[in-house]
Each structure stands twice: as C-alpha cells, then as structure tokens.
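Have a look at this one:
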C-alpha cells in the first residue's frame, strides 16, 4: 500500500535567498542596501573585481529564475503552505461516511484529499490513515500514489526523494527491501510528472530510464504520463521516440498512456508528420484504449493553432470511428481555445445535434466551454437549450461546458443553469453538475457558497446515495476547498491569453469519466489567489495592503465541528438523595461540635448564622414525602449560583445592563490589513489598496480608470531605500529522506519534535526508600 512519507519542506527559492526552515511560520531578517557596498571595503583589487563580476551576474541569475519558473513556483509553495486552511475534521467526517468497501468512493475520497491539499506539501491525513489507505488495490493504489504528486506539486528539488520509497528499484532509486507493487511504482512515476509538470528538466532522464527498463504495462503507463507532463510542450525527439516505441508494443494499457503522453509532449507544436503517424496507428490497432489515448493526444497537439489545425480537425471529425471523431471535437476546442471563433462554434453545435454517437455529442457540447472561455457570460446563453435536451449525455456536456467556461467566476447565470441539473434523474448528469458548480463557485464568498456546501455534505453523508452522484460530490468538495482554500481555476492569464498548461490539463481532466486517474490533471489548472510583493532583489519585504471591506466577506469558511451529542449541553451532576442526607447529617454534627467548644457563643451573628445554615442543609438533604430513595437530587451549587446571579442583577439594576452591553460582541471593522504575502480572492481585489505613505509602493502605478495591481506577483519600489529592510523568509527544516521506509517515516513524523519531553535529571535510586 502506498504509505505517505513525512511532510516535506518547502524549498527556499534560490533567488529569494531565504533559508529553509521549520513549521514556525515566517521569520524576518534585516538588511540594508549599503551592506553590499560596505562589505567590499578594504579588499584587494582582485577581490574587488570578483565582487563586481558577481554583482553583474546576480541580476541575470534572478532573471533566469523568473523566466524558468523556478522562483514563482517556490514563492507559491511558501504561500500555500503558510496559508493552508484545509479542514482535516471535514476530511475525517468524509472518511467515516464513505463505505470503505466501495472502491469508487474510496478512490474519490483520496482524490478529494489530494485536491484539498494541492501544493501545500501537507500529507497529514494520509499519514494518520495508513490502514484505511492500504485498502486501495491495483489501479486504486496507482491513483492513491499519484495523489502524492498533487500534494507536493512544485517540490522540484525534493520530488524524487519524496517518492523514493515507491519508485522502481532498478531505475536508480536505490534502497533495499521488498519491491513495491507495479501499481505503486507506476503511480509514483505519474506523481513525479505531476510534481515537475512543465518544469521537468531535472527528472526527464530518470523517467526515460524507468520506461526503458521495465516491460510491465502499468509501470510504462505511469512513466508515459510522467514523461508527457515533465516534457510538456517541448517536442523532445528522444522522448517522442521512446513513447512511440511503447505505443508500438500494442499493449492496451501502456499504449493508452503513450498516446496521451505524446499529445502532452507535442502540445501546441502541431507537427504534421507525427500527427499522421499517430493517426495511421489509430486505424491499425484493434485496442479501443489505444485509439482513445491517441485521439486525445492528437487533440492536444492542435492547441492554439487555430486555422493551422484545420486539416487535422477535418480529417478527424469525418472519420468513421466515433472515438476519432470524439478526438476531433476536442481538437476544435484546443485549437480555438478562448477565441470565440464563430466557425468553430457552428461546427460544434452541428455535431452536438447530428452525430449518432452519444460520446461525440457530449464532447462537442463540452468543447464549447473552451472556445467561449474568454467571454464567460455568453456560454450559459449558448448552451441553455442543450441543457434541457432529452439526451443525458448532452445535458452532461452542457454542465461541464459551463463549468469550464465560467470557472472561478461565480457567475449567477451559470449557477442558475446548473441548479436544475443538480437534481437530474440521471446519476452521471448530477455528477457533472456537482463538479461544474464547484468549478464555478471555487473561492467565492462563504455567503454564496454555504448552500452548495450543505448540498455536498448531504450527498456524501447519505448512505443510500448512488455511487456516481457521491463520487461527483467528493470531487466537487475537493475542488471547492482546493489548495488549502487558497486557489482558483484559471484557464487564462491576467493578460487574457490562455495558459497552455491549464488548458491542456483541463482537456485531459474531462476524460476522467472513462479513466479515473486522469482526474488528478485538474490540479494543474489551479492558480493561487495571493498577493505576493517583491522588491528589486526579488525578496518579500514586510509590508501590507488594506482591504476596504469587512473581513468576514472574504474570510475562510468556518471549520467543521465534531458532532458529539455528549457536548451538546452542560453535564449536570446528579447526586443520590442518600448522599444529600449524609452531607446534611455531617453538617449538623460539625455545627454541634463547634457549639460545644463555645465558638458559637463568641459571635452572636455567627451563632445566628449556624442554625440557619443547618436548616438550609436540612432542607437540601430531605426528600419529598413519599419519595423515598427513588429520586436523584441535583447538585445545588449551580442553583445557588443562579440565585445569586439573579439577586445581583436585580440589585445592580443599571449596572447589570452595562455589564451586558460590555459582554456584547464588538462591531466588525470595515477594513482589514493584509500582510505580505496575503490571500486576495479575485472578487476581493477591487477592494484592496496600498495605503498612502506606505514605504513600499507598486512599480506599476495607478492609471486612469485602473488601480494598481494587488493580486499575483507585484513588484514593489522602496520609497526610503536607505533604511533597513525586514524580509519575510521561510523557516522550514530541510527535507528528510524517505528511503528508510515510508511507514516508519510517517510514524516518526506524526509526533512533532517540539512535543518530546526533556529527559529527567540525574538521581540515585534507593529501593529501601520505596
């Protein structure tokens, strides 16, 4: 079973200069801009030349880290870890509600956890539920291992070390002991691809060696997917040759992975010769899985090519094989993504109502979401009639089209269109509507999201719910709370251009209905909703911005609570009547002893008080006539306190009203200060502003009708460069190797080092003194 290794650290960005450290959050360091100049004072001429050369290289190094994507990935890792708000109590409730013998729901729960912790590096839920996780077998085990890649996405330096216990031994991962299952090894290779997606320069060769050294189809399948992700869009000839070799072995499982991997590798390149080579093999093979994988791969090669992809599209949509026509519809979506091309829309609408295959019609309707994603408001209007079709496959396609096009917008028209399909009579239409609604509502305010959360909970907790609907609810729960509740789905950059990795990954994700491991691709569409301010050194200085709205409007949703009936009311201490009698008798005896000693005579007031107290005790101890010992009296302490409180309130009068007013909650502030880095949702951005007189201000100043950017990466200018600067740095510990065994590593990591008590002081033991 794929046991999860210890929580891995966040690598400190090389360009940011911050040391890696522990779970203590954010520390600060101080540095003045004059330090570098002062450090060179008194050095020799040769050393001075070296420092000048190093100073000239530093800006290029920082620029290279930006262009390679290394710095943004590391900064996003820091943000997602430090702001992780995933609800482990909710996950435990889901795990308890899901039938463990139902492999579909078990795998969907693992997927839900992976999405909820995507990019956070927090795998606590897996480490605490190893026995439950071990029930996954075969392809469920493959998927569970791949989920680790989603959680640790972006750990470019430690990815191979993290997945070490699960990687093929003969592929150079090292370590002894019993070899993992082929499903675990294949899932680990897939996970490596998810970790290094679009940043695979350091892992591609290892994945190639893994694919070459194994003839097992499961391992080849995972290696092919991992290679496609690691070398996404590069068109590497060596990788293509190895993937095509796997395809020509004509193994159904390995060939399907190779087809998808080649599509990822060639995404956006549209090489005509290779396209015809793959298409010819589709007509040659008898395996439906291979044809489906190659058809999807061909669609990915057409990404962003628009009219250049027309020959391939025309050839595919007119093919006799419905699976290839299915791929042709996806090719139209990829080629014309975010263009709103009228010819592409007409073609897809025609196929949606005329093709004889339900799969093709569903793909055509779903592809409309990609073409229209630059104008989300149009999509609900275009597919409104299709959403009422008699054909459930068309209704499912309409739901997914709206979810894809309006992802992260919270558009009211989109939610209104999806609402009737949430109660559709067909289970897979409900599934699609739940997933689509989650995509639309991700990172929306809790006031709008609360009813949908309640609906998801009802579907998940209902033991009689059909499997398809429950699976959709679990996937939707993971998407709504994705990335520790700090990400949204972004198919387009802030500039409006489509993001290739996100679009390609969304296309692959939509194929989860026939191959569930592909559902993990949705994690590559996530974009952190963060404000990250950087100065000229590409470091995060301590600064803040102000959100001019109530904090509750965009706050995290409240955490789930444990529904324990024992805690619903204050426990009342029950006392037997015989016990009360004994207490009263003892009180009377003590009073008599005091009287004999003359204590009562010394103070008149005390003498008067003692019989009164005795009478009170007698009244408390006696039971009602005829009651006997059958009843139980309640401890009178609370009742006395209530009496005192009531009398005090009556005596104080206006003083009691003043106390009540003081106890009332303070009014909620109308603004909130957000410290760098901060969570800023898309809807919140328009309320966030830099304060006047702030030391750090954005380089991109406000223009007419457009405010300064307050979301994403914001380059800041220091208005007082001579003063010391406090920087935000990560303090997490370096990565711990997991090769010593995932189970033992997980067990060791379950207890924090800080919680270990100190050893006792030295002492001498004498048995005679015991």
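Numbering (UniProt numbering), first residue to last: 1 to 770. The beta-carbon is built from N, C-alpha and C at its ideal position, and this holds for glycine as well.
Spatial neighbours of residue i within its chain, please: CB distance less than 6 angstroms, with the 5 preceding and 5 following residues excluded, ordered by chain position.
i, result
"residue 84", "120, 122 and 484"
"residue 676", "533, 540 and 543"
"residue 531", "678, 680, 710 and 711"
"residue 317", "325 and 328"
"residue 247", "255 and 258"
"residue 522", "509"
Please return the same chain residues whose Cβ sits closer than 7 angstroms to the Cβ of residue i, not counting the five positions on each side in sequence.
i, result
"residue 414", "380, 402, 406 and 440"
"residue 690", "545, 697, 698 and 708"
"residue 511", "296 and 518"
"residue 559", "87 and 89"
"residue 236", "265"
Taking 8 angstroms as the cut-off, decide whether the C-beta atoms of residue i and residue j are in contact.
i, j, result
"residue 201", "residue 153", "no"
"residue 518", "residue 504", "no"
"residue 312", "residue 302", "yes"
"residue 105", "residue 474", "yes"
"residue 327", "residue 296", "yes"
"residue 771", "residue 350", "The structure shown has nothing for residue 771, since the chain only spans 1 to 770."
"residue 422", "residue 430", "yes"
"residue 500", "residue 263", "no"
"residue 324", "residue 291", "yes"
"residue 492", "residue 338", "yes"
"residue 194", "residue 70", "no"
"residue 449", "residue 480", "yes"
"residue 218", "residue 182", "yes"
"residue 116", "residue 133", "no"
"residue 159", "residue 190", "no"
"residue 551", "residue 669", "yes"
"residue 376", "residue 409", "yes"
"residue 130", "residue 163", "no"
"residue 394", "residue 352", "yes"
Please report the distance separating the alpha-carbon of residue i from that of residue j.
i, j, result
"residue 384", "residue 365", "11 angstroms"
"residue 113", "residue 478", "7 angstroms"
"residue 305", "residue 528", "28 angstroms"
"residue 490", "residue 435", "16 angstroms"
"residue 471", "residue 111", "10 angstroms"
"residue 330", "residue 359", "12 angstroms"
"residue 780", "residue 224", "Residue 780 is absent from the structure shown; the chain starts at 1 and stops at 770."
"residue 723", "residue 717", "13 angstroms"
"residue 184", "residue 443", "33 angstroms"
"residue 103", "residue 425", "24 angstroms"
"residue 728", "residue 73", "16 angstroms"
"residue 502", "residue 211", "26 angstroms"
"residue 556", "residue 80", "14 angstroms"
"residue 348", "residue 308", "18 angstroms"
"residue 525", "residue 370", "13 angstroms"
"residue 298", "residue 203", "25 angstroms"
"residue 390", "residue 361", "13 angstroms"
"residue 411", "residue 456", "19 angstroms"
"residue 238", "residue 693", "56 angstroms"
"residue 315", "residue 243", "24 angstroms"
How close, in whole Å, do the beta carbons of residue i and residue j come, if the pair is a contact with beta carbons under 8 angstroms?
i, j, result
"residue 416", "residue 476", "Not really, about 18 angstroms apart at Cβ, beyond 8 angstroms."
"residue 196", "residue 230", "5 angstroms"
"residue 374", "residue 333", "With 8 angstroms as the limit, residue 374 and residue 333 do not qualify as a contact, their Cβ atoms being about 13 angstroms apart."
"residue 720", "residue 686", "Wrong, their Cβ atoms sit about 29 angstroms apart, outside the cutoff."
"residue 400", "residue 428", "About 11 angstroms separates the two Cβ atoms, so there is no contact after all."
"residue 257", "residue 293", "7 angstroms"
"residue 140", "residue 107", "5 angstroms"
"residue 213", "residue 220", "With a Cβ gap of about 10 angstroms, residue 213 and residue 220 do not count as contacting."
Looking only at DSSP bridge pairs, what is residue i linked to?
i, result
"residue 182", "Paired residues: none, contrary to the question."
"residue 169", "Answer by DSSP bridge pairing: none, since residue 169 is not bridged."
"residue 534", "715"
"residue 697", "717"
"residue 445", "Residue 445 pairs with nothing; no bridge assigned."
"residue 678", "531"
"residue 672", "547"
"residue 400", "According to DSSP, residue 400 bridges with nothing at all."
"residue 489", "526"
Please list, in chain order, all residues of the same chain as residue i whose beta carbon is under 8 angstroms from its beta carbon, the five residues on each side excluded.
i, result
"residue 460", "94, 97, 98, 470, 473, 474 and 477"
"residue 700", "708, 709, 714 and 715"
"residue 761", "none"
"residue 289", "252, 253, 255 and 256"
"residue 548", "670, 671, 687, 688 and 689"
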